[in-house]
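K.L.:
Just passing along the structure, written as structure tokens.
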Amino acid sequence: MPRNEEKVLIAKMGRGDGLPSHVHRVTERRKRWYEVDVDGVLYKMPSVTTVLGKVWPKPALVNWFAKRGREAMAEYLRDYTGEPVTEGLLQEAVDEAKLAPKRDSDEAADLGTAAHELIAEKLQGRIHPVPADLRHVMDAFDQWYKAEELELLEAECAVYSTQNLYAGTIDALFKRKNSSELLLVDFKTSKRIYTEAHIQLSGYSHAMREMAGRAGWDIPSIVTQVIRLGKEAAEFEVEQTPDGRSALTQWHSALEFYNTLEGEL
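Take 117 as the starting number for the sequence shown in this note's numbering and just add one per residue.
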């Protein structure tokens with residue numbers, strides 16, 4: 117195994133019920149996939165987020181990158197107001213415009229990852245100190261969770277589809293108290309909720325149903341919701357997937373397009 121490859125055990129499912137003995141998430145050179153062992157057969161599957169990251173259009177992100185680049189150039193040149201504009205200075209400003217959007221995007225992604233880890237730990241009863249930059253996020257999570265009557269079933273759990281060959285890790289699965297209804301949620305720390313999040317959840321939900329069918333389990337109704345947690349203020353926004361069938365159709369289309377692109381590379 118290459119040294120720069122990170123291999124993390126995500127879920128151990130030795131229940132004797134036909135589920136795989138283990139699922140691994142593999143990260144190598146910024147690519148991520150899952151290795152799933154089913155009855156001695158090792159499947160290599162792309163993650164749901166990898167699929168959507170490659171094929172789902174993100175006009176808002178493209179616009180933000182362009183806007184942030186312009187802002188970074190202006191911020192850099194502002195320090196040199198009144199001084200001669202040299203070729204060297206212009207090149208430095210251009211370089212900053214290129215680097216700033218990616219740097220800010222990576223920082224936001226790191227914060228989102230840290231938030232997910234804290235939430236998963238808290239849901240499982242393990243409380244950790246909250247960093248200053250995550251206080252609003254965690255306060256928002258607490259507000260949402262206290263407003264609901266939920267029983268945790270799984271947190272940060274791997275799901276997969278051997279029929280369609282993809283996998284992913286759900287944020288949390290709950291059972292509503294006094295109801296057989298299941299609630300599958302995905303937490304976001306973005307400034308708004310995008311359609312892509314619902315497509316992501318539909319992929320997870322479909323994989324869960326396939327796994328349950330293989331194990332002979334009955335799965336009741338699954339409701340999927342995106343929970344946006346504010347970073348700048350302790351506020352939350354809940355958006356339920358409006359049309360599960362449409363979202364699933366879009367997921368299958370995205371997966372098919374991804375597989376076509378991968379086959380051409």
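Where a beta carbon is used, it is the ideal one built from N, C-alpha and C, also for glycine. All values derive from a computational prediction rather than experimental measurement.
Does chain B have any CB closer than 8 Å to the CB of alanine 328?
P.N.:
No chain B is present in this structure, which holds just one protein chain.
K.L.:
Between which two residues does the beta strand (DSSP E) containing tryptophan 149 stretch?
P.N.:
147 to 154
K.L.:
Within the chosen definition, does the segment 196 to 212 reach the segment 332 to 340 through at least 3 CB pairs nearer than 8 Å?
P.N.:
no
K.L.:
Verify whether the separation of the beta carbon atoms of alanine 283 and alanine 271 is less than 8 Å.
P.N.:
Alanine 283 is not a Cβ neighbour of alanine 271, given a cutoff of 8 Å.
K.L.:
Do the segment 277 to 294 and the segment 144 to 164 meet, that is, are 3 or more Cβ pairs less than 8 Å apart?
P.N.:
yes
K.L.:
Hey, would you say histidine 368 sits closer than 8 Å to threonine 340, going by beta carbons?
P.N.:
no
K.L.:
Which value, in whole angstroms, describes the spacing of the CA atoms of alanine 370 and histidine 232?
P.N.:
25 Å
K.L.:
Hey, quick one: how far does the beta strand (DSSP E) through serine 337 stretch, first residue to last?
P.N.:
Taken as a continuous stretch (DSSP letters only), serine 337 belongs to no beta strand (DSSP E), as it is neither H nor E.
K.L.:
Using the rule of at least 16 other Cβ atoms within 10 Å of the residue's Cβ for burial, across every protein chain shown, is tyrosine 320 buried or exposed?
P.N.:
buried
K.L.:
What does the alpha-carbon distance come out to for the pair glutamate 199 and glutamate 312?
P.N.:
Near 46 Å, if we compare the C-alpha coordinates of glutamate 312 and glutamate 199.
K.L.:
According to DSSP, simplified to helix, strand and coil, what is glutamate 272?
P.N.:
strand
K.L.:
Taking 6 Å as the limit between beta carbons, can you name the residues of its chain near glutamate 355, skipping five residues before and five after?
P.N.:
Ile309, Val342
K.L.:
Just grab the DSSP bridge partners of isoleucine 286 for me.
P.N.:
Cys273
K.L.:
State buried or exposed for alanine 349, treating a residue as buried only when at least 16 other CB atoms are found within 10 Å of its CB.
P.N.:
exposed
K.L.:
Checking 8 Å against the spacing of the C-beta atoms, do glutamate 267 and lysine 238 come in under that value?
P.N.:
Contact: no.
K.L.:
Quick one: what's got a C-beta closer than 7 Å to glutamate 378's C-beta in the same chain, skipping five residues either side?
P.N.:
none
K.L.:
Measure from the alpha carbon of leucine 298 to the alpha carbon of each residue in Arg251, Pro336, Lys174, then state which is nearest.
P.N.:
Pro336
K.L.:
Once DSSP output is grouped into helix, strand and coil, what is the label at threonine 143?
P.N.:
It is a strand residue.
K.L.:
On a Cα-Cα basis, can you pick out the residue from Glu203, Ser296, Arg141 that is closest to threonine 165?
P.N.:
Arg141
K.L.:
By the three-class DSSP mapping on this structure, what secondary structure does proline 173 have?
P.N.:
In the three-state DSSP reduction, proline 173 falls in the coil class, being neither helix nor strand.
K.L.:
So the beta strand (DSSP E) glutamate 391 belongs to, where does it begin and stop?
P.N.:
Nothing can be reported for residue 391, as the shown portion of the chain is limited to 117 through 381.
K.L.:
I'd like the ranges of any alpha helix (DSSP H) spanning at least 4 consecutive residues and lying wholly in the segment 291 to 335.
P.N.:
311 to 331
K.L.:
Quick one: what does DSSP say tyrosine 159 is sitting in, helix, strand or coil?
P.N.:
strand
K.L.:
Taking DSSP as the reference, what is the three-state secondary structure of asparagine 375?
P.N.:
DSSP, reduced to helix, strand and coil, places asparagine 375 within a helical segment of the structure shown.
K.L.:
Check leucine 266 in the structure and name its three-state DSSP category.
P.N.:
In the structure shown, leucine 266 sits in a strand (DSSP, three-state: E or B).
K.L.:
Going straight from the alpha carbon of asparagine 179 to that of leucine 193, what length do you get?
P.N.:
22 Å
K.L.:
Alanine 224: which of Phe352, Gly346, Gln366 sits nearest, CA to CA?
P.N.:
Gly346
K.L.:
When DSSP builds the beta bridges, which residues end up paired with isoleucine 235?
P.N.:
Looking at the DSSP assignment, isoleucine 235 forms no beta bridge with any residue, so it has no partner.
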